[in-house]
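Take a look at the structure set out below.
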Amino acid sequence: MHFRTFAGFVGPSVFLMLLFIAAPLVGVFLGSFQITQPVVEQVEVETCTPGFLTQTCTTELVTRPILDENGNITTTTEWVGLTSYIRVLEPGRAWDAVRDLDYNALMQIDFWAALRFTLMFTLVTLPLVIGFGLAIALAVNNVARSIKGPVIFVSLLPFIITPVVGALSIRWLFIGDGILTSALEMWLDRDLALFAQAWTIELMMLFYRVWHVAPFAFVIFYAGLQTVNRDTLESAIIDGASRWDRLRYVIIPHLMPLIVFVALIHLMDSYRVFEEIVGFSSQAHVISLQWLTYDFLQPDDAGNRAYSRASASAMLTMVGIVILLIPLLRRTWRDHKGAPH
Amino acid sequence: MMIKKLALAGALSLIAGTATADCAFENETEVRILSAAFEAWNAVTEAMAECGNVSAELDQEFRTKQPSAFAANPSLYHVGGVSNGTITPLMNEGTIRPLDDLVAEYGQHLSSNQLIRINGEILAVAMMVNTQHLMYRADILEDLGIPVPTTWEEVLAAAEVIREAGVVDYPLGATMRAGWNIAQDFNNMFLGFGGTFVNEDSTPNVNTEAGVRALEMMMRMTEYMDPEYLVSDSTYVQQQFQQGRIAMANLWASRAAAMNIEEESQVVGLVATAAAPTAMPGGSPATTLWWDGIVIAANISNEEAENAFRVAMEGLDEEMVRANNDDAIWLVPGYQPSPLAEGAIATATAEPAPLSYPSTSQMGLMHTALGNELPAYFTGDVTAEDALAAAEAAYITAAQEAGLLD
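Chains A and B, in that order, give the protein sequences. Quick note on numbering: the first sequence equals residues 1 to 341 in UniProt numbering. Quick note on numbering: the second sequence equals residues 1 to 406 in UniProt numbering.
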């Protein structure tokens with residue numbers, strides 16, 4: 001292909017990628033090294049607010065931003081180097097905790113607590129999603145042709161449900177005297193409070209995520225199963241291979257590229273775990289890295305947002321994903337280079 | 001905090017009125033309003049809609065949306081529904097206009113109590129007061145012969161008796177969801193113990209005796225509460241009351257009317273209100289006073305502002321209050337306090353009176369810091385002092401970033 005033709009085809013999408021992916025990333029990257037502050041002044045202000053019958057007036061020193069002639073807040077932007085990263089990571093406190101082998105102290109720092117949960121969540125759900133996905137795919141592959149359609153449809157349902165809605169449904173089933181909590185209480189004959197401690201919440205989150213994502217793995221694996229070489233399978237049967245042997249030596253190697261693909265997508269997705277935290281409003285017990293970024297961006301009642309720390313936290317999340325993906329990407333790269341064409 | 005927002009995104013409602021009944025004039029220019037989504041705002045915006053060409057957006061996300069929407073030029077809304085907590089960013093950014101002229105021309109009927117003056121300028125018109133006060137099951141207290149508690153020690157003693165009697169699942173409820181709610185409960189108790197949040201130089205001042213005592217009192221309360229209290233917000237506590245699962249709570253006055261909604265509540269007529277309990281003898285009730293009211297955007301033409309103000313006044317008139325008397329503790333003339341309003345009025349007129357929630361930038365940062373750091377104390381991970389120290393550290397970082405501290 002001529003370079004011109006190639007460029008003509010690829011150009012538009014490269015341009016859009018630069019515009020919508022690269023440019024914002026650079027913006028966030030630069031933003032994480034800057035802090036923009038309003039210029040403030042302290043003034044004495046008399047505020048009169050209503051009681052039920054009469055007003056009370058108080059005079060106090062109030063800090064407020066200075067407005068310029070157009071009515072906009074005057075701001076200054078400074079390069080602050082790694083300040084925001086240090087504020088997010090709190091390396092001093094973290095190191096003290098590590099040196100004293102004080103796990104609890106380390107978990108008091110938001111970032112490390114979020115990292116602990118995010119990694120645990122990602123690494124525990126990964127094998128479960130692949131395992132369940134594969135199991136469902138094999139099961140569906142073996143059911144009678146007549147009911148295959150409905151079974152596939154039902155298996156896909158969890159994946160279709162909007163994540164936040166799914167998380168909220170699980171929450172409503174279990175919170176307080178929710179239906180399932182009440183049922184469990186009757187069954188176990190004891191009072192349960194599933195939202196009162198971290199481990200039960202984490203368990204529900206793991207359950208929810210596997211329930212939600214396993215259908216995705218199922219669809220991919222099911223498609224892969226349709227391309228397994230029949231001849232190989234049959235000769236394996238003739239050679240006396242058991243069901244397990246066929247799975248292990250024929251089917252799984254055949255599906256391996258798909259398993260790597262599902263693992264890649266799942267690692268990227270679950271490292272950005274967010275809906276579960278919001279849906280279960282679990283921030284007292286469990287937070288994730290993505291939620292941390294979101295929390296920095298949320299304005300308080302006075303309208304302050306921590307943009308700089310949010311940028312730093314977002315960059316750290318990205319770095320985390322890249323590190324997590326390196327082993328899988330290396331594998332794909334090796335396969336790609338080494339594949340005999 | 002977030003869940004409430006998500007849940008209430010569904011409650012976001014649009015009322016586009018075309019009727020012109022019961023309005024003193026026919027409104028021809030469009031008036032858009034953004035406010036919180038509770039019953040009182042429903043009443044007010046519906047009364048405004050009678051003038052025609054009014055579109056009201058009632059949304060619990062309003063505190064996030066309002067600052068940017070009003071900063072746009074022209075502003076996306078003409079009228080904003082605010083409280084003393086949420087007016088701060090609008091004042092700081094200068095996106096709301098002084099109302100002195102408009103009040104002089106169209107607001108003769110307003111009582112002076114309603115006019116929110118900042119440095120002498122009227123910036124908002126208040127319509128109601130709100131406060132967290134004691135709500136209790138009058139029948140249970142009477143059956144067990146418990147006098148209505150006036151201090152938190154008495155509340156705990158009463159809770160012990162109720163627990164032993166076993167008449168409800170949990171004697172106490174509290175709005176202690178991690179984030180904004182738990183911080184607000186701490187604020188109430190902290191002020192009740194005589195604390196001040198920040199020093200004059202903006203440095204934090206919560207890791208004090210008052211702070212520790214407030215946290216310890218809250219911890220003692222949790223013993224009588226549903227163990228899932230860290231996810232319990234106002235709506236959750238309201239429902240606990242309605243389903244007869246709790247006997248007492250320090251809950252918002254704006255939630256009181258819901259106790260007597262027959263479709264939802266199993267305790268119609270059984271819940272009474274009293275002044276917020278004091279934290280220490282001779283102290284003020286351990287709560288804060290709030291007001292809700294309207295502001296007019298700065299970035300709209302004077303004609304639009306004038307028109308919007310006239311429409312807003314129609315929403316805040318006597319007629320509206322008569323029709324919706326029990327939905328709030330109205331400041332509008334014509335309000336007849338119902339029995340359920342007793343607690344809020346007793347709280348507001350107590351001597352010494354509780355403070356208004358301070359609308360300052362520092363308070364916004366402190367509220368967020370407390371909301372993020374205090375839950376660790378309640379999960380048992382840190383001591384009270386450590387939790388308060390962590391809140392102070394979080395506040396200092398945020399204040400440095402916001403330019404309030406060096």
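Using N, Cα and C, we set each Cβ at its ideal position, and we do this for glycine too. It should be emphasised that the depicted structure is a prediction, and the values quoted were computed from it without experimental measurement.
- Contact annotation: the stretch 255-263 of chain B does not touch the stretch 113-129 of chain B, with fewer than three C-beta pairs closer than 8 Å.
- Distance from the CA atom of B:Asp185 to the CA atom of A:Pro65, rounded to whole angstroms, is 29 Å.
- Per the DSSP secondary-structure output, B:Gln362 pairs with nothing in a beta bridge.
- Using a C-beta cut-off of 8 Å, the stretch 297-309 of chain B makes no contact with the stretch 167-179 of chain B, since fewer than three inter-stretch Cβ pairs fall below that distance.
- Its Cα nearest to that of B:Gln66, the residue B:Pro89 stands out among B:Thr151, B:Pro89, B:Met48 and B:Ala104.
- Secondary structure remark: continuous alpha helix (DSSP H) runs of at least 4 residues inside the stretch 152-209 of chain B, in chain order: 152-165 and 180-192.
- Closer than 7 Å to the CB of A:Pro50 there is at least one CB belonging to chain B.
- B:Glu263 and B:Thr235 have their alpha carbons spaced roughly 16 Å apart.
- When secondary structure is reduced to three states using DSSP, B:Tyr136 falls in the strand class.
- Only those residues of the stretch 147-180 of chain B whose C-beta falls short of 7 Å from the nearest C-beta of chain A are listed: Arg177, Ala178 and Gly179.
- In the DSSP assignment, B:Asn307 falls within the alpha helix (DSSP H) that extends over Asn302 to Gly315.
- Under the DSSP assignment, B:Met248 falls in the beta strand (DSSP E) whose first and last residues are Ile246 to Trp252.
- At a cut-off of 7 Å between C-beta atoms, A:Asp301 counts as an interface residue with respect to chain B.
- DSSP, read as helix, strand or coil, puts B:Leu270 in coil.
- The beta carbons of B:Gly107 and B:Ala36 sit no closer together than 7 Å.
- Listed in chain order, the non-local C-beta contacts of A:Tyr249 below 8 Å within the same chain comprise Ala236 and Ala241, local neighbours out to five positions each way being set aside.
- With a contact defined as Cβ atoms closer than 8 Å, A:Ser155 and A:Val140 qualify at about 6 Å.
- Identification of residues in the stretch 248-265 of chain B having a C-beta nearer than 9 Å to some C-beta of chain A yields an empty set.
- Under the criterion of beta carbons closer than 8 Å, B:Met248 and B:Leu144 do not qualify as touching, at roughly 12 Å.
- Under the three-state reduction of DSSP, A:Ser182 is assigned to helix.
- With contacts defined as CB atoms closer than 7 Å, A:Gln55 and B:Asn113 qualify as a contacting pair.
- Exclusion of the five residues before and after B:Thr150 leaves Ala274, Ala275, Pro277 and Thr278 as the residues of its chain whose Cβ lies within less than 8 Å of its Cβ.
- Within chain B, the C-beta atoms nearer than 7 Å to that of A:Leu67 come from Gly94, in chain order.
- Taking a Cβ-Cβ threshold of 9 Å, none of the residues of chain B is close to A:Asn142; the smallest such distance is about 40 Å.
- In this chain, the beta strand (DSSP E) harbouring B:Ile296 covers Leu289 to Ile296.
- Relative to the Cα of A:Phe111, the nearest Cα in the group A:Ile86, A:Pro127 and A:Arg99 belongs to A:Ile86.
- The beta carbon of B:Tyr395 sits closer than 6 Å to the beta carbons of Pro204, Leu365, Met366 and Ala369 from its chain, once the five residues preceding and following it are set aside; these are given in chain order.
- For A:Ser32, the three-state secondary structure derived from DSSP is coil.
- In this structure, the CA atom of A:Ala263 is about 21 Å from the CA atom of A:Ala114.
- Distance from the CA of B:Glu28 to the CA of B:Pro333, rounded to the nearest whole angstrom, comes to 27 Å.
- It is roughly 10 Å from the alpha-carbon of A:Ser270 to the alpha-carbon of A:Ser288.
- CA-to-CA, the gap between A:Leu297 and A:Ala312 works out to about 11 Å.
- Residues are counted here when their Cβ sits less than 8 Å from a Cβ of chain A; for the stretch 119-131 of chain B these are Asn119, Gly120, Ala126 and Val129, given in chain order.
- Counting C-beta atoms within 10 angstroms of its own C-beta, A:Met17 has fewer than 16 neighbours from the protein chains shown and is therefore classed as exposed.
- Measuring C-alpha to C-alpha distances from B:Ser75 to each of B:Asn302, B:Met313, B:Pro375 and B:Ala393 identifies B:Asn302 as the nearest.
- Our two residues, A:Gly92 and A:Val98, have alpha carbons roughly 10 Å apart in a direct line.
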